[in-house]
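J.: Before we start, here is the structure in question, set down as structure tokens.
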Amino acid sequence: MEQELSIFTQGLLKSYGNVRALKGVDLEVRQGEIFGFLGPNGAGKTTTIRCFLDLIRPNGGKVKVLGLDPQKEPVAVRARVGYLPGELHFDQNMKVEGILRYFNQLRHAQADWEYVRQLANRLDLDLKMVIKNLSKGNKQKVGVIQALMHKPELLMLDEPTSGLDPLIQQEVLRIIRNARKDGATVFFSSHNLSEVQQIADRVGIIRSGKVVEIAETAMLINRSLRRVYVRFKQAVDGEILARVPGVKLLSQDDGMSLVLQVEGEMDALIKTLSNYPVSDFETEHPSLEEIFLAYYEK
Amino acid sequence: MITEFTYSLRRYLWQILGWGITFSLVALYLMSLYKPLVEQQAQMLSLLKAYGENFMAFFGGGSDFLSPGGYLDFGFFSYMSVVAGIFAVIFGAGLLVGDEEKGTLDLIMAHPISRTSLFWGRLLAYVVALMGILLLTWVGFALGIPLAGWDINPFVLLLPHLTMLALLLLIGALALFLSFVIPSRTLAVSLSAGLLVASYFVTSLARINNQLKTLNDFSPMKYFQGGSALDGINWQYFLGLLGFTAFFILLAWLLFQRRDIRVGGEGGWTLPKFSWDMMWDWRKWGKKETIAQKTKDD
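The listed protein sequences derive, respectively, from chains A and B. Each residue of the first sequence is one higher than the one before, counting from 1 in our numbering. Each residue of the second sequence is one higher than the one before, counting from 299 in our numbering.
Okay, here's the thing in structure tokens:
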């Protein structure tokens with residue numbers, strides 16, 4: 001089973017002195033999927049990713065990346081992974097091409113340089129520029145290219161679209177989708193929930209060093225909160241509807257129209273509404289952002 | 299390892315040229331002054347006598363300053379060992395922690411390079427950089443032989459440089475080791491440079507103060523021969539310096555194997571900014587940003 005997973009962690013622990021950054025992270029990322037890793041600042045997203053690459057050493061638990069133990073075989077793991085860190089820093093005095101060639105040499109010239117040029121063109125990046133003269137967004141493009149240029153089996157991207165303009169963000173998401181189409185697994189963290197919603201097959205939510213939810217993105221959106229707009233032909237007491245399990249009354253203008261929030265199944269609400277003269281009924285799926293916030297309000 | 303070696307050496311290139319050519323010009327200038335000094339031997343000796351032995355102790359003693367070895371000590375090796383030592387300290391402490399504090403090490407280490415290869419590749423480049431600087435210095439002295447009118451094989455002049463290389467390697471290795479122990483490169487540099495200067499003072503003053511003889515046994519400068527190496531290298535001293543160098547390098551390597559790579563200097567120490575309020579609240583002294591605070595930003 002572990003062999004079929006690109007990433008597997010069980011009870012992953014990491015502490016910095018008295019601070020427990022990871023309190024037993026359990027994750028399973030399947031081969032060939034795009035997995036969104038969500039959480040607010042300080043939840044442990046970056047710490048988790050850095051454990052995968054043996055940049056930091058966990059205090060306990062089990063980690064397997066592409067079937068390998070990163071602590072025992074860090075070089076073998078890194079050879080098959082493309083990593084984009086959340087905080088990106090390069091040697092300031094080098095040219096973009098120079099730094100990419102250096103990274104490529106570290107990878108024993110695995111990259112096809114024509115593909116590097118293609119990526120640079122798609123992201124509108126001039127390879128002749130010196131790093132110190134680049135804007136934050138352009139540095140991010142260099143980071144994206146170095147992570148992708150050797151066509152890795154597993155991409156670990158920490159905030160891949162951070163600092164990029166909307167057009168380039170969309171291009172990066174297209175490139176990520178293409179990478180998946182070519183067989184790569186993508187594990188990425190993001191604050192931009194709409195982009196996670198756009199491309200992630202599954203999402204994991206981490207809170208205070210523990211994974212609190214893992215689900216398919218669509219299922220998470222479907223099964224969670226829904227907003228329901230109801231218009232009646234005559235005034236109805238909203239409090240009656242608010243007594244239905246899982247239903248919360250959000251607003252009631254004149255008794256003729258109500259806004260409700262429903263958690264879970266709709267069945268009980270629909271059966272209750274059948275007792276009243278309904279003229280209009282509309283439901284709205286929440287955005288991933290609303291679900292995310294709901295997790296953090298719990 | 300070769301990739302990291304060439305990359306690091308390229309980064310040292312301007313340092314090698316800058317320090318090496320400067321030292322070389324100083325050497326050439328010094329050699330050009332030798333003949334005029336010999337011609338005014340009587341005045342020089344009375345002038346040095348007027349300075350007193352306390353002063354001359356800091357320039358190799360000065361008793362035989364007109365012999366080639368004494369002159370090299372007096373004019374160059376006595377104090378240039380400290381100046382070059384500062385280079386050794388700064389670059390020794392920054393060998394890996396410098397990039398760690400800049401945040402660039404994180405991405406480099408996400409590539410398929412082992413910690414061992416990274417460590418030894420960079421260390422080798424550092425040793426070659428020191429050798430390059432000393433080689434350029436030697437060129438200055440060798441070109442100056444006709445100006446000084448010495449009857450000496452230019453290659454014999456390499457011997458004092460060889461002893462200086464051993465001293466610089468020891469100082470650099472100590473700085474490298476301290477950079478892994480102390481969570482601030484600046485502090486590691488300050489401490490190593492402080493030890494270097496203290497060693498210089500102890501060895502210099504031990505020439506005129508017998509009470510310092512025991513302390514001087516622990517001073518690396520005592521085992522640096524400088525100009526006196528023209529009469530033959532003291533292999534016990536030379537190998538002793540290299541032995542301690544190897545010891546500190548080995549410790550540093552072991553520490554690097556187990557180290558959590560920091561991002562952008564997280565958990566580092568900085569000297570507190572002075573304010574009058576601090577005078578009354580010593581608890582504000584010390585760590586500027588804890589790892590706990592830093593991980594909140596991940």
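Here a beta-carbon is modelled for each residue, glycine too, at the ideal position from N, C-alpha and C.
Taking only beta-carbon atoms, is Ile559 of chain B less than 8 Å away from chain A?
T.: Mapped onto the second sequence, residue 559 of chain B falls at position 261. Answer yes: the Cβ-Cβ gap between Ile559 of chain B and chain A drops below 8 Å somewhere.
J.: On the criterion of 16 or more Cβ atoms from any shown chain inside 10 Å, does Lys64 of chain A qualify as buried, or is it exposed?
T.: Translated into positions along the first sequence, residue 64 of chain A becomes position 64. Buried is the call here.
J.: Below 7 Å CB to CB, which residues in the same chain sit around Leu468 of chain B once its five sequence neighbours on both sides are set aside?
T.: For the purposes of this step, residue 468 of chain B is taken as residue 170 along the second sequence, with counting starting at 1. Here the set comprises Pro518, Leu539, Phe542 and Thr543.
J.: Secondary structure at Ala215 of chain A, three-state DSSP: helix, strand or coil?
T.: In the first sequence, the residue the question calls residue 215 of chain A occupies position 215. Looking at Ala215 of chain A - three-state DSSP - the assignment turns out to be strand.
J.: Do Gly373 of chain B and Pro458 of chain B count as a contact pair if the criterion is CB distance below 8 Å?
T.: Walking along the second sequence from the start, residue 458 of chain B turns up at place 160. Walking along the second sequence from the start, residue 373 of chain B turns up at place 75. For Pro458 of chain B and Gly373 of chain B, no; Cβs fall outside 8 Å.
J.: Considering just the uninterrupted stretch of the beta strand (DSSP E) at Tyr229 of chain A, what are its terminal residues?
T.: As a working mapping, residue 229 of chain A is identified with position 229 in the first sequence. Looking at the DSSP string, the run of the beta strand (DSSP E) that includes Tyr229 of chain A is Arg226 to Phe232.
J.: Based on Cα-Cα distance, which residue from A:Glu73, A:Lys132 and A:Met266 lies nearest to Gly93 of chain A?
T.: Locating residue 93 of chain A in the first sequence gives position 93, where the first residue counts as 1. The question names Gly, but residue 93 of chain A is Asn in the sequence shown. Closest by alpha carbon: A:Lys132.
J.: If we ignore side chains and look at the alpha-carbon of each, how far apart do Glu282 of chain A and Met256 of chain A end up?
T.: In the first sequence, residue 282 of chain A corresponds to position 282, counting from 1. In the first sequence, residue 256 of chain A corresponds to position 256, counting from 1. Glu282 of chain A and Met256 of chain A: Cα-Cα distance of roughly 14 Å.
J.: Closer than 9 Å, Cβ to Cβ, to anything on chain A: give me those residues from the stretch 420 to 435 of chain B, in chain order.
T.: Under the 9 Å Cβ criterion, the stretch 420 to 435 of chain B contributes no residue.
J.: Leu148 of chain A and Phe188 of chain A: beta carbons closer than 8 Å?
T.: Taking the first sequence and counting its residues from 1, one reaches residue 148 of chain A at position 148. Taking the first sequence and counting its residues from 1, one reaches residue 188 of chain A at position 188. No, these two residues do not count as a Cβ contact at 8 Å.
J.: Which stretch, first to last residue, makes up the beta strand (DSSP E) that contains Ala21 of chain A?
T.: What you label residue 21 of chain A is simply residue 21 of the first sequence in a count that begins at 1. Segment Val19 to Arg30, the beta strand (DSSP E) holding Ala21 of chain A.
J.: Cα separation between Gln313 of chain B and Asp126 of chain A?
T.: The residue labelled residue 313 of chain B in the question sits at position 15 within the second sequence. The residue labelled residue 126 of chain A in the question sits at position 126 within the first sequence. Taking the straight line joining both Cα atoms gives about 29 Å.
J.: Is the stretch 36 to 56 of chain A touching the stretch 199 to 206 of chain A in the sense that three or more CB pairs, one from each, lie closer than 8 Å?
T.: Contact between the stretch 199 to 206 of chain A and the stretch 36 to 56 of chain A is present, because at least three Cβ pairs lie under 8 Å.
J.: Counting Cβ pairs closer than 8 Å, one from the stretch 439 to 450 of chain B and one from the stretch 176 to 195 of chain A, do we hit at least three?
T.: Touching, no.
J.: So, for Ala486 of chain B: in the same chain, excluding its five sequence neighbours on each side, which residues have a beta-carbon less than 8 Å away from its beta-carbon?
T.: Working through the second sequence from its first residue, we reach residue 486 of chain B at position 188. Hits under 8 Å: Ala391, Val395, Ala473, Leu476, Ser477, Val479 and Ile480.
J.: Quick check on the DSSP output: what are the complete alpha helix (DSSP H) runs of length 4 or more inside the stretch 141 to 187 of chain A, in order along the chain?
T.: Runs of the alpha helix (DSSP H) inside the stretch 141 to 187 of chain A: 166 to 181.
J.: Which bits of chain B does Val144 of chain A rub up against, with CB to CB less than 9 Å?
T.: Numbered from its first residue, the first sequence carries residue 144 of chain A at position 144. What Val144 of chain A touches in chain B: nothing, since even the nearest Cβ is about 12 Å away.
J.: Gly538 of chain B by DSSP, collapsed to three states: which one?
T.: Residue mapping note: residue 538 of chain B aligns to position 240 of the second sequence, counting from 1. Here Gly538 of chain B sits in helix by DSSP.
J.: Could you tell me which chain B residues have their CB closer than 9 Å to the CB of Phe187 of chain A, listed as they occur along the chain?
T.: Taking the first sequence and counting its residues from 1, one reaches residue 187 of chain A at position 187. Ordered by position in chain B, no residue passes the 9 Å Cβ test against Phe187 of chain A, which lies about 13 Å from the chain.
J.: Under 8 Å between the Cβ atoms of Leu445 of chain B and Met329 of chain B?
T.: As a working note, residue 445 of chain B is residue 147 in the second sequence. As a working note, residue 329 of chain B is residue 31 in the second sequence. The answer is yes: Cβ separation under 8 Å.
J.: For Glu305 of chain A and Ser194 of chain A, what's the separation of their Cα atoms in angstroms?
T.: There is no way to answer for residue 305 of chain A, as the model of chain A reaches only from 1 to 298.
J.: Can you check whether the C-beta of Ala218 of chain A is within less than 8 Å of a C-beta belonging to chain B?
T.: Taking the first sequence and counting its residues from 1, one reaches residue 218 of chain A at position 218. No, because no Cβ of chain B sits closer than 8 Å to the Cβ of Ala218 of chain A.
J.: Going by C-alpha to C-alpha distance, which of A:Arg226, A:Ser274 and A:Lys210 sits closest to Leu260 of chain A?
T.: What you label residue 260 of chain A is simply residue 260 of the first sequence in a count that begins at 1. Nearest of A:Arg226, A:Ser274 and A:Lys210 to Leu260 of chain A, Cα basis: A:Arg226.
J.: Taking the alpha carbon of Glu159 of chain A as the reference point, which residue from A:Lys141, A:Lys151, A:His150 and A:Pro152 has its own alpha carbon closest?
T.: Working through the first sequence from its first residue, we reach residue 159 of chain A at position 159. Nearest C-alpha to Glu159 of chain A: A:Lys141.
J.: On a CA-only basis, which of A:Gly61, A:Ile99, A:Lys62 and A:Leu53 is nearest Val81 of chain A? Give me that one, please.
T.: Position 81 of the first sequence, counted from the start, is the residue given in the question as residue 81 of chain A. With distances taken between Cα atoms, Val81 of chain A lies closest to A:Leu53.
J.: For Thr512 of chain B, would you say it is in contact with chain A, using Cβ-to-Cβ distances shorter than 8 Å as the test?
T.: Position 214 of the second sequence, counted from the first residue, corresponds to residue 512 of chain B. It does not: the Cβ of Thr512 of chain B has no partner Cβ on chain A nearer than 8 Å.
J.: Pull up the CB-CB distance for Thr435 of chain B and Gly318 of chain B, whole angstroms please, since I reckon it's below 8 Å.
T.: In the second sequence, residue 435 of chain B corresponds to position 137, counting from 1. In the second sequence, residue 318 of chain B corresponds to position 20, counting from 1. Correct: roughly 6 Å between the Cβ atoms.
J.: Chain A partners of Tyr599 of chain B, CB-CB under 7 Å?
T.: Coverage of chain B is limited to positions 299 through 596, which leaves residue 599 of chain B absent and any answer about it impossible.
J.: Between which residues of its own chain and Ile56 of chain A is the CB-CB distance below 8 Å, once the five residues before and five after are set aside?
T.: Residue numbering aside, residue 56 of chain A sits at position 56 when the first sequence is read from its first letter. Lys14, Thr47 and Arg50.
J.: Check the Cβ-Cβ distances between Ile56 of chain A and every residue of chain B, and say whether any is below 8 Å.
T.: As a first step, residue 56 of chain A is located in the first sequence; it is residue number 56 there, counting from the start. Cβ-Cβ to chain B under 8 Å: yes for Ile56 of chain A.
J.: Can you name the start and end residues of the beta strand (DSSP E) that Asp280 of chain A belongs to?
T.: Taking the first sequence and counting its residues from 1, the one referred to as residue 280 of chain A is at position 280. Where Asp280 of chain A is concerned, the enclosing beta strand (DSSP E) stretches over Val278 to Glu284.
J.: Taking the alpha-carbon positions, what's the Leu84 of chain A to Ile199 of chain A distance?
T.: By one-based count along the first sequence, residue 84 of chain A stands at place 84. By one-based count along the first sequence, residue 199 of chain A stands at place 199. Distance between the alpha carbons of Leu84 of chain A and Ile199 of chain A: 17 Å.
J.: Hey, how far is the Cα of Val25 of chain A from the Cα of Leu154 of chain A?
T.: Taking the first sequence and counting its residues from 1, one reaches residue 25 of chain A at position 25. Taking the first sequence and counting its residues from 1, one reaches residue 154 of chain A at position 154. Distance between the alpha carbons of Val25 of chain A and Leu154 of chain A is about 19 Å.
J.: Spatial neighbours of Met129 of chain A within its chain, please: CB distance less than 6 Å, with the 5 preceding and 5 following residues excluded, ordered by chain position.
T.: As a position in the first sequence, residue 129 of chain A is number 129, starting the count at 1. If we look at Met129 of chain A and ignore the five residues flanking it on each side, its Cβ neighbours are Val96.
J.: For a quick check, are the C-beta atoms of Gly238 of chain A and Gly264 of chain A less than 8 Å apart?
T.: Residue mapping note: residue 238 of chain A aligns to position 238 of the first sequence, counting from 1. Residue mapping note: residue 264 of chain A aligns to position 264 of the first sequence, counting from 1. Cβ distance not < 8 Å, so Gly238 of chain A and Gly264 of chain A don't count as in contact.
J.: List the residues of chain A that Met407 of chain B touches, going by C-beta distances under 7 Å, in chain order.
T.: Taking the first residue of the second sequence as position 1, residue 407 of chain B is located at position 109. Chain A residues near Met407 of chain B: Leu55.
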